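*Asks:* Handing you a structure now.
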Amino acid sequence: MPVLRKNKMDASRSQILNALRNSRTGIPFSESQDLPKIPEPEWNLEEKVERLKNRMEAVHTEIHECTEKGFGKIFREVIKQKKITNLLYGKKTNWGNKLEAMRQRGPKTMPELIPYQKKIEDCKETLFSIDAGLTQTMGAIAETGSLILKPDGQEPRLLSLVPPIHLAVLDSKRIYSTFGEAIREEGWSRPMPTNVLLISGPSKTADIEQTLVYGIHGPKQLILFLIR
Amino acid sequence: MNGLMQKRRVMFPDSGELETLRNLAGGIRRDAISRLPDLLEELETNCQQNGIQVHWAQTTEEANSIVLNIARNADAKLAVKGKSMVSEEMELNHFLAENGIEALESDLGEYIIQVDHELPSHIIMPAIHKNREEISEVFQKKVAPAKKSDTAEEMTETARQVLRDKFRRAELGISGVNFAVAETGTLCLVENEGNGRFCTTMPRVHIALMGIEKVVGKLEDLPPLLTVLTRSATGQPITTYFNMISSPRQDGEKDGPEEVHLVLLDNGRSRMYEDELLRDTLLCIRCGACMNHCPVYTRIGGHAYQSVYPGPIGKILTPQLEGIDTAGYLADASSLCGACVEACPVKIPITDILLKLRHKKAQSKKEHHWTELEGVKNLFEKITWKGWKFAFSQPWFYRMQASILSRTAQFLPDQLPMLRSWSRFRMVPRFSEKPLHQLVEDAGIAEE
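Line order of the protein sequences matches chains U and H. The first sequence begins at 1 in the working numbering and counts up one residue at a time. The second sequence begins at 1001 in the working numbering and counts up one residue at a time.
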C-alpha cells in the first residue's frame, strides 16, 4: 500500500474511533440490562427429524430416509430418476469412498464420478458442466430446517453451489434443535473455518411480482439423504 | 405489501414470543452499539488475524477510492455484486463505471433495475414497483432478445444463464455484510438466491462493504438477530443461505477468494452516535418491515423519497447521513402513526427520532441566513399552513372546498409544477367524486 494512502486510512481509523469514544463521555449509557431468554424447545430425536423434514420439504427439499446399508439402493434410484450422468464429489471423505466402492460394484447404475481435486482456476469448465454435486453435512437445525456445511479442501465451497442438483447426506444423530444449540454444542468459536453455511432448500427468488421461483443462481434442487 | 404483512404475521403467531424476541434482538443490538468502538477494534484485530484486510473510510468518496484501488490492483474489469445498501450510499456502480470497471448487480431484483437504469424502490425487494410485463419488456430489449421470457420462471432461467457466465468471468466480487461478529472476525450474509455466495466465493478478490454499526459481539448473538431479520423481512423462518465468512482461501483449499477486504464506512454514523436518542438509528438491521407496514410508503412507493433508504427508516436515516438542511424535509413526511415502531424487530423509536429531527430542523432554520429564493419558499410554506389551519377549523369552508375539489380536481393536468415530482414516477390519485361526509351520510351513518 502506498504510504500516502496508508496514512490517510490510519487517520480515518483514528478519527472514526475518536469520534465514537468522545461522544461516549458526557452521555449517560443505559447499563445493558439482562436480556430476556427464549425457552429452548425440548425435542427428542423423532420430533427433531419430523420438524426438520417439515421445514425442509416446505421449501422444496426432497428427502429420502434410509439406513447406511440401504443408501446404495435409494441413491441409485435417485440417480436414475434425475438422469444424473456425472457427479462431483470430495475424494478421501467417508461418503466419497462409499461412492467409489458403489461405482466399482455396479458401474452401470452409477454416474461418472468426478472428484473436486483441482483449484477452481483450473476446473471452471468442468465445474459448470456437471449435473450434480454430493456433500456431507456437519449437522442440521430442526427449528429452521437447515443443513450445516463446513466446506474444506476435500469438499470445497462451490461444490454445493454450482451444480444444478445438490445431493446432501445427513446423519440424523447430528440434528440440533436450534441454531444457538449448534453453536454451543459444537463449540464454534475461534478459529472459525474459512466458511460455514446454513443451507435451507434450493436457491430461490421472489423478485418478479413476488412470485416464488426455485433455482435462480444456486442449485435448482436439493436432495437430502437422511441416514437413520 | 399486504402479502408481506400477512406473511410476517404468520411467522409470529404468538405475540408474547414476538415481544420477547424483539426485546432480546433489540437488547443485543443496543448492547453492541453501546460498545461500538471497542467491538470495531476487536473485529479488526480478529479479521486481520484471519487474513482479512480491514479498511476504514470516513466518507463515501474515501470508500469508493479504497474499492477502486483494490480493483486496480486486482486488474479487475468486471465486478459482480451482491446486494449492499452501503454500496448504494456510495453510488459505487456509477463510480466504478466512470473508472472503466463494470459493476454488475446479481441479485435478480437489483439486476432488473440496473439493466433498466432505475433505482431500487425497496431495500429488500428492489424491483417491487415493476410488474411482470414491464420486466419482460426489459428482458426482451436489454437482456436476451432471442429468448422467450414471459413468465417469472422463464425470466429467472434467462437471468441464471446470463449471470452464471458473469460469475465465471468476474475478477472481483463485492458484497454487503448483514452482521459482523467481533469475537471471531466473521462476516455474515443473508440471502436466498445464491448470488451472494457466488460473489464471495468465485472471484479471486472479495470486497465486503459494511456500515460501522453492523458489528455484534459474539457468535451466540446471531441466532436471535437472524430469526427476527428473516421473519420480519419476508416472513421466512430462515433464508436459503446463511453464509459465514471468516478468512480468504487457506492452504489446501481449492476455491474461495485469495484476498478478502472489509471496508468499514462511517458516512455520518459517528455523528448519530453523539446523541443518545438519534443513536438508536444505528440499531437497524435493514429488514424493511417498517416500510411494509407504513401507510405512507405503501401508498407512495419507494421512489417518492428520492433517497437510498426509503420508508420510515429512510426518513430518520437520510437526514442524518446527508444533513438536516438538505434532507431534513423527509422527517416531515410522516403522520407519526407509529406502525413502523410496532413492526420494528429491534424497537427503534422511529417516531421519537422523527420529532427530534423536526426540532433540529426548526432550530437550524432559525439560525440560517436566508437567500431570497428560500425566503419566498418559506413565505409560501407559511401561507400554505395558514390556509390549511383556516380550512380545517371552518367547517363551512372545508365542505365548500371539498365539494369544489371533488368536482374539478380531476381536470387538473398531471404536468402542473407542484404535481410533477409525483407524476414523474406514478399516477396522480384522483379525488373521490363524493366527499367523505357525503359518503358517510349516504351510508346511513348518523353519528360521525
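All residues carry an ideal CB built from backbone N, CA and C; glycine is no exception. Values in this document were obtained by computation on a predicted structure and should not be read as measured data.
1) List, in chain order, every chain U residue whose beta-carbon is nearer than 9 Å to that of H:A1057.
2) Use the C-beta contact count for H:D1442: other C-beta atoms within 10 angstroms, 16 or more gives buried, fewer gives exposed.
3) With C-beta atoms as the reference, is H:L1018 less than 7 Å away from H:F1012?
4) At a CB distance below 8 Å, what residues from the stretch 1224 to 1244 of chain H approach chain U? Give them in sequence order.
5) Express the C-alpha separation of H:G1173 and H:G1314 in angstroms, rounding to a whole number.
6) To be precise: take each residue of the stretch 1320 to 1336 of chain H, compare its Cβ to all Cβ atoms of chain U, and keep it if any distance is under 9 Å. Which residues remain?
7) In whole angstroms, what is the alpha-carbon distance linking H:V1260 and U:K204?
8) Starting from the beta carbon of U:P115, find every residue of chain H whose beta carbon is closer than 7 Å, and list them in chain order.
9) If we ignore side chains and look at the alpha-carbon of each, how far apart do U:G139 and H:G1100 end up?
10) Comparing C-alpha positions only, which one of H:V1138, H:I1128 and H:E1133 sits nearest to H:H1117?
11) By the 7 Å beta-carbon criterion, what residues does the stretch 1294 to 1318 of chain H contribute toward chain U?
12) With H, G and I counted as helix, E and B as strand and the rest as coil, what does DSSP make of U:W95?
13) The alpha helix (DSSP H) spanning H:F1390 covers which residue range?
14) Ignoring anything shorter than 4 residues or poking outside the stretch 1083 to 1149 of chain H, list the alpha helix (DSSP H) runs there in chain order.
15) Might you give, ordered along the chain, the residues of its own chain that have their beta carbon closer than 8 Å to the beta carbon of H:K1077, omitting 5 neighbours on each side?
16) Relative to the alpha-carbon of U:S127, which residue among U:L158, U:F71, U:L35 and U:P193 has its alpha-carbon at the smallest distance?
17) Look up U:Q136 in the DSSP assignment and say whether it is helix, strand or coil.
18) For chain H, is any of its Cβ atoms less than 7 Å away from the one on U:G26?
19) Does the distance from the C-beta atom of H:D1275 to that of H:I1348 stay below 7 Å?
20) Would you say the stretch 1212 to 1221 of chain H touches the stretch 1159 to 1169 of chain H, given that touching needs at least three Cβ pairs under 8 Å?
21) Note down, in chain order, every chain U residue with its Cβ under 8 Å from the Cβ of H:G1194.
22) Pull up the distance between the alpha-carbon of H:D1031 and that of H:P1319, whole angstroms please.
23) Can you list the residues of chain U that H:R1008 reaches, using a CB-CB cut of under 8 Å?
24) Taking the alpha-carbon of U:L244 as reference, which of U:G201, U:Y214, U:L212 and U:I208 has the nearest alpha-carbon?
25) Kindly list the residues whose CB is nearer than 8 Å to the CB of U:E68, restricted to its own chain and excluding five residues on each side of it in sequence; keep chain order.
26) Can you tell me whether DSSP reads U:I141 as helix, strand or coil?
27) Classify U:P28 as helix, strand or coil using the three-state DSSP reduction.
28) Would the stretch 1235 to 1254 of chain H and the stretch 1022 to 1036 of chain H be scored as touching if the rule is three or more Cβ pairs under 8 Å?
29) Figure out for me which residue from U:K48, U:I84 and U:D171 has the closest Cα to the Cα of U:G145.
30) When the cut-off is 7 Å and only beta carbons count, does H:P1429 lie next to chain U?
31) Can H:T1240 be considered in contact with the ligand MG, in the sense that its beta carbon sits closer than 6 Å to one or more heavy atoms?
32) H:P1429 to H:P1417, Cα distance in whole Å?
33) At the level of alpha carbons, what is the spacing between H:S1432 and H:S1403?
34) Taking the straight line between their C-alpha atoms, what separation do you get for H:S1257 and H:I1052?
35) Using 7 Å as the threshold, is the C-beta distance between H:S1175 and H:N1050 below it?
36) Below 8 Å between beta carbons is the criterion; list the residues of the stretch 1011 to 1038 of chain H that meet it against any residue of chain U, in chain order.
*Replies:* Answer, in terms of the structure:
1) Neighbours of H:A1057 on chain U, chain order: M9, S12 and I16.
2) The residue in question, H:D1442, is exposed, as its Cβ has fewer than 16 Cβ neighbours within 10 Å.
3) Contact: yes.
4) Legend: CB atoms of the stretch 1224 to 1244 of chain H lying less than 8 Å from CB atoms of chain U belong to residues P1224, L1226, T1227, T1234, P1237, I1238, T1239, T1240, Y1241, F1242, N1243 and M1244.
5) Computed Cα separation, rounded: 27 Å.
6) Those residues of the stretch 1320 to 1336 of chain H that come within reach of chain U (Cβ to Cβ, closer than 9 Å) do not exist; the list is empty.
7) Taking C-alpha positions only, H:V1260 is separated from U:K204 by approximately 26 Å.
8) Within 7 Å Cβ-Cβ: nothing; U:P115 doesn't reach chain H, min ~11 Å.
9) Using only the alpha carbons, I get a separation of about 45 Å.
10) Looking at H:V1138, H:I1128 and H:E1133, the one whose alpha-carbon comes closest to that of H:H1117 is H:V1138.
11) Within the stretch 1294 to 1318 of chain H, no residue has a Cβ that lies closer than 7 Å to any Cβ of chain U.
12) Here U:W95 sits in helix by DSSP.
13) Element bounds for H:F1390: E1372 to S1393.
14) Segments of the alpha helix (DSSP H) lying fully in the stretch 1083 to 1149 of chain H: 1085 to 1090, 1092 to 1098, 1108 to 1115 and 1132 to 1138.
15) Apart from sequence neighbours up to five positions away, the residues of its chain that approach H:K1077 with a beta-carbon distance below 8 Å are G1100, I1101, E1102 and E1171, ordered along the chain.
16) First, the amino acid is wrong: residue 127 of chain U is Leu here, not Ser. Taking each of U:L158, U:F71, U:L35 and U:P193 in turn and checking the Cα distance to U:L127, the smallest one comes out for U:L158.
17) In the structure shown, U:Q136 sits in a strand (DSSP, three-state: E or B).
18) In this prediction, U:G26 scores a pLDDT of 48, lower than 50, which makes its location untrustworthy; the coordinate-derived value is nonetheless stated afterwards. The beta-carbon of U:G26 is placed no less than 7 Å from the nearest beta-carbon of chain H.
19) Taking 7 Å as the cut-off, the Cβ atoms of H:D1275 and H:I1348 do not count as close.
20) No, they do not touch.
21) Chain U residues near H:G1194: L161, S203, I216, H217, G218 and P219.
22) CA-to-CA, the gap between H:D1031 and H:P1319 works out to about 25 Å.
23) For H:R1008, no chain U residue has a C-beta closer than 8 Å to its own C-beta; the minimum C-beta separation is roughly 13 Å.
24) With chain U running from 1 to 228 in the structure shown, residue 244 of chain U is simply not present.
25) For U:E68, where only same-chain residues beyond five positions count, the Cβ hits under 8 Å are I227.
26) U:I141 sits in a strand when the DSSP states are folded into three classes.
27) Note that U:P28 has pLDDT 47, beneath the 50 cutoff, so the model's placement of it is unreliable and no number is given.
28) With contact defined as three or more Cβ pairs closer than 8 Å, the stretch 1235 to 1254 of chain H and the stretch 1022 to 1036 of chain H are not in contact.
29) Of the candidates U:K48, U:I84 and U:D171, the residue whose Cα lies closest to the Cα of U:G145 is U:K48.
30) H:P1429 does not count as touching chain U.
31) Absence of the ligand MG is noted for the structure shown, with no ligands found whatsoever.
32) C-alpha separation (whole angstroms): 16 Å.
33) Their backbone Cα atoms lie some 10 Å apart in a straight line.
34) Sequence inspection shows Pro at residue 1257 of chain H; the Ser mentioned does not correspond to that position. Approximately 11 Å between the Cα atoms of the pair.
35) Against a cut-off of 7 Å, the Cβ pair of H:N1050 and H:S1175 comes out as no contact.
36) The residues in question are E1017, T1020, L1021, N1023, L1024, G1027, I1028, R1030, D1031, S1034, L1036 and P1037.
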